[in-house]
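There are 2 protein chains.
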Amino acid sequence: MQPRADVSPVRRRPAPPDLLQVLGERFGERFSTGDSDRQRHGRDDSPYDTTPPDCVVFAASVEEVAEVVRLCARHRVPIIAYGAGTSIEGHIMAVEGGVTVDLSRMNRVVALNAEDLTATVEAGVTRKQLNAALEGSGLFFSVDPGADATLGGMAATRASGSAAVRYGTMRENVVGLKVVTADGAVIRTGGRAKKSSAGYDLTRIFVGSEGTLGIITEVTVRLYPQPEAVSAAVCAFPDVAGAVDTVIRTIQRGVPIARAEVLDALSVAAVNRYSLTDLQERPTLFLEFHGTVSSVAEQAEAVQVVAREHGGLDFEWAIDPAARARLWDARHSAFPAILQLRPAARAFVTDACVPISRLAGCIAATIEETRTSSLMCPILGHVGDGNFHCIILADPNNPSEMAEAEQLNQRVMRRALESEGTCTGEHGVGMHKIPLLAEEFGEAGVDLMRRLKAAWDPLNILNPGKIVSMW
Amino acid sequence: MQPRADVSPVRRRPAPPDLLQVLGERFGERFSTGDSDRQRHGRDDSPYDTTPPDCVVFAASVEEVAEVVRLCARHRVPIIAYGAGTSIEGHIMAVEGGVTVDLSRMNRVVALNAEDLTATVEAGVTRKQLNAALEGSGLFFSVDPGADATLGGMAATRASGSAAVRYGTMRENVVGLKVVTADGAVIRTGGRAKKSSAGYDLTRIFVGSEGTLGIITEVTVRLYPQPEAVSAAVCAFPDVAGAVDTVIRTIQRGVPIARAEVLDALSVAAVNRYSLTDLQERPTLFLEFHGTVSSVAEQAEAVQVVAREHGGLDFEWAIDPAARARLWDARHSAFPAILQLRPAARAFVTDACVPISRLAGCIAATIEETRTSSLMCPILGHVGDGNFHCIILADPNNPSEMAEAEQLNQRVMRRALESEGTCTGEHGVGMHKIPLLAEEFGEAGVDLMRRLKAAWDPLNILNPGKIVSMW
Numbered sequence: 059m060q061p062r063a064d065v066s067p068v069r070r071r072p073a074p075p076d077l078l079q080v081l082g083e084r085f086g087e088r089f090s091t092g093d094s095d096r097q098r099h100g101r102d103d104s105p106y107d108t109t110p111p112d113c114v115v116f117a118a119s120v121e122e123v124a125e126v127v128r129l130c131a132r133h134r135v136p137i138i139a140y141g142a143g144t145s146i147e148g149h150i151m152a153v154e155g156g157v158t159v160d161l162s163r164m165n166r167v168v169a170l171n172a173e174d175l176t177a178t179v180e181a182g183v184t185r186k187q188l189n190a191a192l193e194g195s196g197l198f199f200s201v202d203p204g205a206d207a208t209l210g211g212m213a214a215t216r217a218s219g220s221a222a223v224r225y226g227t228m229r230e231n232v233v234g235l236k237v238v239t240a241d242g243a244v245i246r247t248g249g250r251a252k253k254s255s256a257g258y259d260l261t262r263i264f265v266g267s268e269g270t271l272g273i274i275t276e277v278t279v280r281l282y283p284q285p286e287a288v289s290a291a292v293c294a295f296p297d298v299a300g301a302v303d304t305v306i307r308t309i310q311r312g313v314p315i316a317r318a319e320v321l322d323a324l325s326v327a328a329v330n331r332y333s334l335t336d337l338q339e340r341p342t343l344f345l346e347f348h349g350t351v352s353s354v355a356e357q358a359e360a361v362q363v364v365a366r367e368h369g370g371l372d373f374e375w376a377i378d379p380a381a382r383a384r385l386w387d388a389r390h391s392a393f394p395a396i397l398q399l400r401p402a403a404r405a406f407v408t409d410a411c412v413p414i415s416r417l418a419g420c421i422a423a424t425i426e427e428t429r430t431s432s433l434m435c436p437i438l439g440h441v442g443d444g445n446f447h448c449i450i451l452a453d454p455n456n457p458s459e460m461a462e463a464e465q466l467n468q469r470v471m472r473r474a475l476e477s478e479g480t481c482t483g484e485h486g487v488g489m490h491k492i493p494l495l496a497e498e499f500g501e502a503g504v505d506l507m508r509r510l511k512a513a514w515d516p517l518n519i520l521n522p523g524k525i526v527s528m529w
Numbered sequence: 059m060q061p062r063a064d065v066s067p068v069r070r071r072p073a074p075p076d077l078l079q080v081l082g083e084r085f086g087e088r089f090s091t092g093d094s095d096r097q098r099h100g101r102d103d104s105p106y107d108t109t110p111p112d113c114v115v116f117a118a119s120v121e122e123v124a125e126v127v128r129l130c131a132r133h134r135v136p137i138i139a140y141g142a143g144t145s146i147e148g149h150i151m152a153v154e155g156g157v158t159v160d161l162s163r164m165n166r167v168v169a170l171n172a173e174d175l176t177a178t179v180e181a182g183v184t185r186k187q188l189n190a191a192l193e194g195s196g197l198f199f200s201v202d203p204g205a206d207a208t209l210g211g212m213a214a215t216r217a218s219g220s221a222a223v224r225y226g227t228m229r230e231n232v233v234g235l236k237v238v239t240a241d242g243a244v245i246r247t248g249g250r251a252k253k254s255s256a257g258y259d260l261t262r263i264f265v266g267s268e269g270t271l272g273i274i275t276e277v278t279v280r281l282y283p284q285p286e287a288v289s290a291a292v293c294a295f296p297d298v299a300g301a302v303d304t305v306i307r308t309i310q311r312g313v314p315i316a317r318a319e320v321l322d323a324l325s326v327a328a329v330n331r332y333s334l335t336d337l338q339e340r341p342t343l344f345l346e347f348h349g350t351v352s353s354v355a356e357q358a359e360a361v362q363v364v365a366r367e368h369g370g371l372d373f374e375w376a377i378d379p380a381a382r383a384r385l386w387d388a389r390h391s392a393f394p395a396i397l398q399l400r401p402a403a404r405a406f407v408t409d410a411c412v413p414i415s416r417l418a419g420c421i422a423a424t425i426e427e428t429r430t431s432s433l434m435c436p437i438l439g440h441v442g443d444g445n446f447h448c449i450i451l452a453d454p455n456n457p458s459e460m461a462e463a464e465q466l467n468q469r470v471m472r473r474a475l476e477s478e479g480t481c482t483g484e485h486g487v488g489m490h491k492i493p494l495l496a497e498e499f500g501e502a503g504v505d506l507m508r509r510l511k512a513a514w515d516p517l518n519i520l521n522p523g524k525i526v527s528m529w
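Taken in sequence, the protein lines are chains V and C.
Residue numbers for the first sequence follow my numbering, beginning at 59 and rising by one.
Residue numbers for the second sequence follow my numbering, beginning at 59 and rising by one.
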């Protein structure tokens, strides 16, 4: 499926030969116009066709990023930041051509401030790299999207994950950023204090800006002390509704669940096959509790009472760290597992997020709709946040399947908007949700976004064609 | 002390007679040019001289606010939003003249969505009004600045309070806003979903924008289930450092304290006199624990162990709700209590916020400095957030006292910046911290703020002279 021209009008602005020459001389082996490098950087986990940049620069420092931005500004050529390429909304696609700056080699942990519960890392550090660096410190970083994304990419898409219900998303967990602006200046968006009322919230403006307002080169995040006790469990249910309602009622009673993920029977089957687990192939809750020994026991008891009221079967516990790690690895691998259900297909991942009282209804209506679809559509979700994904698998060589998948995606998004929710809880706008933003915020709201973009990136060189349409 | 012209250059833009006439005809008894109304709306809890607007409109709806904004835009006259007037940074001062729109009559609770743990209120609802409306629901709203501020004002200044250490500030607790923009359009910044990746974070851009980017007319906030058990305690210490270190060590161990406030001996004496309490007049921690019965007991035990290591004396407990309410009323009244120490004085309230590992050092250096000052300077703080206030009392008729107070304030702010902190943790920028922002974010960062302001308010009519200097 091509990026649709009607969605975000684009102007091809390829990097001219003299820009390519200057970049090549400056960056040597860290510059590439090779087909494989370009193809790899023009493809993410979205269902859209590869859209490669004209060249790739592997940056090693913030100064180098600023240098590339200034060169692109001089030539009015797009520049696209690239982390791990795990976006599922086409964020990294070079729809107007231009230069991709790959930040994955900027992967130093700059500072661990254990006493302040913060870490500062270069943008290319991945969430697993950060947690590995924290081993032995008694601290952890909480945001865990399925993929091993980079912290820069996670900040840029306002990512979340399974622990957001307790610890928040990147919105709550980014303390400050170092950013290269469209004119190649380097700014810091804040210090390391836990809170601040110092002017416009630059940090929160860049978090979720998808590379369109600046290029994030360094991220300071909050850390949390490892809880004294952790236990995890899975619990099967006769239907998805029972699993969803169990989480919602538990949260409404104030039980601070650390993780609460629902998978439908098809997702569980995919996980079993991919991760060699032997979970019952029914709608299933994956739960985790953090706290002291006694508070974890209390939380677990409270959830079990609610689960029984909603038809939940027995809890299977994973107490020791290895068993828990296997369980959550299986959950985090659900996306590749589901892709393996139909290896030649591409996935449209819906990302509706609604107030929790509306979640069960939204999921039920989505399930009803998928029953009449010819496509495989497993469902899973971060229930505690009101966020669920329907992963629609379609054959990219079959236009009617691709169209059906897109229609289904559109209906899920519209239902979210009708339910006082959002079309994207954690994946971002990319190219294809631009029209939805006008429904979500109104034309006046989108106009503010467009004016912000024009004020901060007047040449529209920073990842053009994403979030807002400027042409 | 006059608002200093060197800080934020202003251009007087008084409301012309024809604008006053149109407003008078349109709003009748809800329009005033009377001296007492104008004086009252030109004065907050800052140390600066009254700076009245040319008139006051008491708005009753978002449509009326939009109407006033459009009229002001047509005449290029400033418009200043006013809630409860409890700002301590001069936010509501009409430094260029213009129209103040008083939102205090917009005090309806629009919706209580108990199942979703959200409430939507008009901007003029105060935090106490909201919590009164929540009585019997089993829910509460957590953000509690000392004053009974309006939710609109709290959102506009990114306010926090004693419970932010556990529940976050307005940054984390505003779910969405209704806002009138500079051209009189009405927008919604988001739905009611707990999280969102839908484009630029309009909600977080308006939170903390101090009325300079739009006028907030409706606020949707997060609510929390009342914990099963609550207990509060006070604990005296031989010195402030012991009290501060106790909180920091406790947080670093992951104990989820709900409130942790430190008052120095002078603040406690002021509170005793004002609230008729009989606390020991020593540096004192005010603590509160939320959770189940057993987890509250565990938290309390954990803190007591740490407190003893830091010289803490016995805990005095306030278990029953009435005793707790008395304790926190006393704490929330600390500001008026301190003002009573020297009734003719005005207060310069410093608002440094630093990483918690730097807090003890910053407070110690500040205490050292106040020792050599001729002024009374009680200190209190939201220790868990790294935020403390030194309340410097100076005679407004004594220029050397006022200058000394301002110098002390400046030194506290600079020390915060040197400690990777911020010059304002929760009070905002107003007029007098504008030069500090350039130190905190650099010229390039302030330039982004200025470009945002120019893009969204090209006529500079929204609360001009605050946060950024546009002339």
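Every residue, glycine too, gets a C-beta built ideally from N, C-alpha and C.
According to the DSSP assignment, V/W386 belongs to the alpha helix (DSSP H) that extends over P379 to H390. Beta-bridge annotation (DSSP): V/T278 is paired with V/T178 and V/G234. Contact residues of the segment 483-496 of chain V toward chain C are G483, E484, H485, G486, V487 and L495 (C-beta to C-beta distance below 7 Å). A residue is called buried once 16 or more other Cβ atoms fall within 10 Å of its Cβ, and V/Q357 is buried on that count. Boundaries of the alpha helix (DSSP H) harbouring C/F264: L260 to F264, taken from the DSSP string. Secondary structure of V/W514 (DSSP, three-state): helix. The beta carbon of V/D515 lies closer than 6 Å to those of A240 in the same chain, with the five residues before and after it left out.
At a cut-off of 9 Å between C-beta atoms, V/K186 does not count as an interface residue with respect to chain C.
Counted as a single uninterrupted DSSP element, the alpha helix (DSSP H) harbouring C/L188 occupies residues R185 to A191. Near chain C, meaning a CB-to-CB distance below 8 Å, the residues of the segment 242-267 of chain V are A243, V244, I245, R246, T247, G248, G249, R250, A251, K252, K253, S254, S255, A256, G257, Y258, D259, L260, R262, I263, V265, G266 and S267. Around V/M212, no beta-carbon contact reaches into chain C at under 9 Å, the shortest distance being about 11 Å. Of the candidates C/G194, C/A213 and C/F295, C/A213 places its Cα closest to the Cα of C/R185. One thing to note: V/M164 has its Cβ within 9 Å of the Cβ of V/G182.
Under the 8 Å Cβ criterion, the segment 247-257 of chain C does not count as touching the segment 341-348 of chain C, having fewer than three qualifying pairs. Residue range D93 to R98 is occupied by the alpha helix (DSSP H) that includes V/S94. C-alpha of C/E464 to C-alpha of C/T480: approximately 17 Å in a straight line. In this structure, DSSP gives V/N467 a helical state, which the three-state scheme calls helix.
Taking 9 Å as the CB threshold, C/S477 lines the interface with chain V.
A direct Cα-Cα distance of roughly 21 Å separates V/L334 from V/S220.
For V/V157, the number of other beta carbons within 10 angstroms of its own is at least 16, and it is reported as buried.
Contact between V/V412 and V/E478 holds, with the beta-carbon distance rounding to 7 Å and staying under 8 Å. V/E476 carries a helical assignment under DSSP once its states are collapsed to helix, strand and coil.
Beta-bridge partners of C/G349 (DSSP): C/A287. Annotation: C/D443 to V/E426 spans about 47 Å, alpha carbon to alpha carbon.
In terms of beta-carbon proximity, V/M164 stays away from the interface with chain C, with every pair separated by 9 Å or more.
With respect to the C-alpha of V/L77, the residue from V/S104, V/A152, V/R132 and V/V159 having the closest C-alpha is V/R132.
Any Cβ of chain V closer than 9 Å to the Cβ of C/W514 would place that residue at the interface, and such an atom is present.
Taking every protein chain shown into account, the CB of C/S119 has fewer than 16 other CB atoms within 10 angstroms, so this residue is exposed. Contact check for V/L188 and V/V167: beta-carbon distance about 7 Å, within the 8 Å limit, so the pair qualifies. V/T144 carries a coil assignment under DSSP once its states are collapsed to helix, strand and coil. Counting the other Cβ atoms within 10 Å of the Cβ of C/S458 gives fewer than 16, which makes it exposed.
C/W529 counts as exposed, since fewer than 16 other C-beta atoms from the protein chains shown sit within 10 angstroms of its C-beta.
Nearest in C-alpha terms to V/F373, of all of V/L399, V/P203, V/A301 and V/A294, is V/A294. Here the alpha carbons of C/P394 and C/I450 stand approximately 13 Å from one another. Contact check for C/T278 and C/V233: beta-carbon distance about 4 Å, within the 8 Å limit, so the pair qualifies.
Counted as a single uninterrupted DSSP element, the beta strand (DSSP E) harbouring C/F116 occupies residues C113 to F116.
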